[in-house]
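Novice:
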Amino acid sequence: MDLISITGWTAFALVALFGFLFAATFAIEQEKRPAVIAFAVTVAALAILGTLLLIDIPFREWIIPGLIGVVVIVGGVVALPRTRSEALRIVGKRSRVDERDAILHRFYRIEEGTPEFEAYYESHPEKREFDEKLRAMPGLAEPGSKTHDPVTSGFQAACFGLTEDLTRELDWSPAPMDGQKVEIDPAEAAMRLKGFARYLGAVSVGCTRLDPAHVYSNIGRSPGKWGEPIDLSHTHAIAVAVPMAHEMVRLAPDSPTTTETAFEYQEVARIAMALARYLNNLGYEARAHVDGNYRVMCVPVAVDAGLGELGRIGLLVTPELGPRVRLAVVTTDLPLKQDEPITFGVQDFCRICLKCADICPSASIEAGGKLDHNGVEKWQSQQDTCYRYWRLAGSDCGLCIKVCPYSHPDGSAHDMVRWLIKRNPMARRLALWSDDLLYGRRPAARYPYPDWHKKN
Ligand code: SF4
Ligand code: SF4
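Below, the structure is given as structure tokens:
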């Protein structure tokens with residue numbers, strides 16, 4: 042066998058190995074379109090290569106090395122050493138955000154006929170008409186809504202309700218188990234808290250100094266006296282993320298995705314509360330900030346703690362699971378060794394990707410460039426139109442999370458792409474082109490529902 046044949050058959054074996062690995066991964070994930078495309082492309086490539094190797098056509102000795110050379114050059118370029126990624130930029134003065142400006146405060150806290158309700162709309166008359174129209178529509182999964190089902194709607198209600206019951210009162214006090222505060226080194230404290238959080242089920246966790254700009258200025262939706270200024274003197278924070286199940290998120294915008302949201306908020310609240318209670322047991326002040334009961338904004342704290350980057354989607358994009366996570370934060374007066382913010386190409390990838398903006402049925406995701414929002418250069422989503430779509434759909438939608446290329450499930454094929462995306466702009470362009478080819482700009486509308494969540 043000559044050198045060309047040996048090289049050619051080696052390439053044949055590698056194409057077969059990687060091509061069928063990708064096709065099998067997609068088939069296991071029940072992703073029909075990418076599985077079929079990966080299988081067809083692999084078979085076509087093998088047929089061409091096999092024909093060239095078996096039939097003695099003119100210029101064979103040039104064509105085979107030429108084809109292999111092109112693949113090696115493209116592979117080499119995308120795998121070039123990692124280039125420095127752009128970070129989120131602070132471009133001006135940041136002021137604290139009033140929790141009453143978050144849309145859910147208007148629909149889950151203030152009630153018609155109360156002084157708070159009147160006070161809010163007197164200071165925000167421009168919101169009244171929009172909100173009245175939404176209040177006339179059924180709530181998420183309530184009777185009359187698109188997703189309501191007498192049997193399955195209870196799942197999300199159970200999880201949200203339980204979280205609300207457990208998290209109403211979170212302003213706990215230190216209660217040292219040995220009667221006095223335990224002295225603990227910041228590095229050891231961070232190591233123990235992160236290990237405990239992972240043991241309890243966190244997929245990622247990080248520590249940071251608490252930036253005062255990330256503390257809400259006034260109480261809005263959360264328990265406590267409505268509108269009261271928030272005075273949180275804690276110096277450090279721990280950000281915790283839990284994964285959302287891919288098989289539930291891909292059913293967006295239907296109710297299983299909301300069930301998953303509700304369940305993971307419950308899970309991450311459980312972890313955050315255990316961490317806060319542990320800190321109390323050591324004799325330190327600590328507060329968990331969880332769904333419906335926040336004094337801080339979780340996403341910027343998680344960015345500072347190195348859990349991920351803020352993407353075009355307006356959510357935290359993590360290296361492991363993209364935006365397919367739910368967050369909670371614990372703040373404390375115990376000094377902790379800080380983690381550094383990370384960059385892995387999200388700002389650049391989001392600039393060219395736009396899949397979340399394209400699929401958003403309410404055009405709530407910015408399709409242009411980043412702008413200065415409260416001193417930070419970023420993409421800002423529109424809460425009002427997003428929530429209006431939630432009421433129309435009867436769920437918390439989640440189409441943007443489902444379509445994000447970073448949201449694909451774990452597995453060697455996707456991990457290989459994640460590794461490539463971090464490297465350089467060429468790799469990101471190739472990864473986006475492949476994602477569009479395999480999954481389409483809009484992912485498949487129909488996936489199998491788990492039996493227990495099928496509607497009657
Ligand atoms: S949740 Fe739905 S409506 Fe809201 S931003 Fe995402 S895609 Fe748009
Ligand atoms: S879908 Fe694309 S643009 Fe949107 S957050 Fe994900 S990577 Fe960024």
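Using this note's numbering, read the sequence shown as starting at 42 and increasing by one per residue. Glycine included, each C-beta is placed from N, C-alpha and C at the ideal position.
#1: In chain order, what are the residue ranges of uninterrupted beta strand (DSSP E) at least 3 long that sit wholly in the segment 315 to 356?
#2: For ligand 2, I want to know if phenylalanine 390 counts as a neighbour, meaning its beta carbon is within less than 7 Å of at least one of the ligand's heavy atoms.
#3: What are the start and end residues of each continuous alpha helix (DSSP H) run of 4 or more residues lying completely inside the segment 435 to 493, in chain order?
#4: Would leucine 320 and alanine 343 qualify as a contact pair, given that the criterion is a beta-carbon distance under 8 Å?
#5: So if DSSP puts glutamate 418 in a beta bridge, which residue, or which two residues, is it bridged to?
#6: According to DSSP, what are the bridge partners of threonine 373?
#7: Please indicate yes or no: does the CB of proline 184 lie closer than 7 Å to some heavy atom of ligand 1?
#8: Please tell me whether, using a cut-off of 7 Å, the distance from the CB of lysine 396 to the nearest non-hydrogen atom of ligand 2 is below it.
#9: Cα separation between proline 489 and leucine 292?
#10: Helix or strand or just coil, what does DSSP make of alanine 254?
#11: Consider the C-beta atom of cysteine 445 and the heavy atoms of ligand 2; say whether any pair is separated by less than 7 Å.
#12: Would you say tyrosine 480 touches ligand 1, meaning its beta carbon is less than 7 Å from a heavy atom?
#13: For a quick check, are the C-beta atoms of aspartate 399 and arginine 469 less than 8 Å apart?
#14: How should leucine 121 be labelled, buried or exposed, when 16 other C-beta atoms within 10 angstroms of its C-beta is the threshold for buried?
#15: So, helix, strand or coil for glycine 185, using DSSP?
#16: Enumerate in chain order the residues of its own chain whose CB-to-CB distance from serine 258 is below 6 Å, with the five nearest sequence positions on each side excluded.
#17: Name the two residues that bound the continuous alpha helix (DSSP H) containing leucine 44.
#18: Report buried or exposed for threonine 299, applying the criterion of at least 16 other Cβ atoms within 10 angstroms of its Cβ.
#19: Given valine 246, which residues of its chain have a CB within under 6 Å of its CB, disregarding the five upstream and five downstream residues?
#20: Give the straight-line distance between the Cα atoms of valine 77 and leucine 479, rounded to the nearest whole angstrom.
#21: Considering only the beta carbon of each residue, do tyrosine 447 and serine 403 sit closer than 8 Å?
#22: Using CA coordinates, which residue listed in Thr188, Glu210, Arg482 is at the minimum distance from asparagine 334?
#23: What is the residue span of the alpha helix (DSSP H) that phenylalanine 196 lies within?
#24: Going straight from the alpha carbon of alanine 278 to that of tyrosine 240, what length do you get?
#25: Between the beta-carbon of lysine 174 and the beta-carbon of glycine 416, is there less than 8 Å?
#26: If we call anything under 8 Å between Cβ atoms a contact, is alanine 329 one with alanine 369?
#27: For isoleucine 104, which option in Leu145, Ser46, Tyr325, Lys73 has the closest C-alpha, if you only look at C-alpha atoms?
#28: Apply the 10 Å Cβ neighbour rule to threonine 497 and answer buried if 16 or more other Cβ atoms are within range, or exposed otherwise.
#29: Between the Cα of valine 283 and those of Glu305, Gly347, Trp420, Gly435, spot the shortest distance and give me the residue it belongs to.
#30: Look at glycine 355 and isoleucine 393 and say whether their C-beta atoms are less than 8 Å apart.
#31: Quick one: does the C-beta of arginine 353 sit closer than 7 Å to a heavy atom of ligand 2?
Specialist: Checking against the coordinates, here is how it stands:
#1: Taken in chain order, the complete beta strand (DSSP E) segments of 3 residues or longer contained in the segment 315 to 356 are 327 to 330.
#2: Ligand 2 has a heavy atom closer than 7 Å to the beta-carbon of phenylalanine 390.
#3: 440 to 444, 453 to 462, 466 to 480
#4: no
#5: Its beta-bridge partners are Arg130, Asp413.
#6: His277, Ala327
#7: Incorrect: proline 184 has no Cβ contact closer than 7 Å to ligand 1.
#8: yes
#9: 8 Å
#10: helix
#11: With a cutoff of 7 Å, cysteine 445 counts as near ligand 2, since its C-beta is closer than that to a heavy atom of the ligand.
#12: no
#13: no
#14: exposed
#15: Look at glycine 185 here: in three-state DSSP terms it is coil, with no helix or strand label.
#16: For serine 258, where only same-chain residues beyond five positions count, the Cβ hits under 6 Å are Arg137, Asp139.
#17: 44 to 69
#18: buried
#19: Counting only Cβ-Cβ distances below 6 Å, and skipping sequence neighbours, we find Lys235, Ala238, Val281.
#20: Taking the straight line joining both Cα atoms gives about 9 Å.
#21: no
#22: Glu210
#23: 194 to 208
#24: 19 Å
#25: Against a cut-off of 8 Å, the Cβ pair of glycine 416 and lysine 174 comes out as no contact.
#26: Less than 8 Å separates the beta-carbon of alanine 329 from that of alanine 369.
#27: Ser46
#28: Looking at the sequence shown, residue 497 is not threonine but asparagine. A residue is called buried once 16 or more other Cβ atoms fall within 10 Å of its Cβ, and asparagine 497, having fewer, is exposed.
#29: Of the residues Glu305, Gly347, Trp420, Gly435, the one whose Cα lies closest to the Cα of valine 283 is Glu305.
#30: no
#31: Because some heavy atom of ligand 2 lies under 7 Å away, the Cβ of arginine 353 counts as near it: yes.
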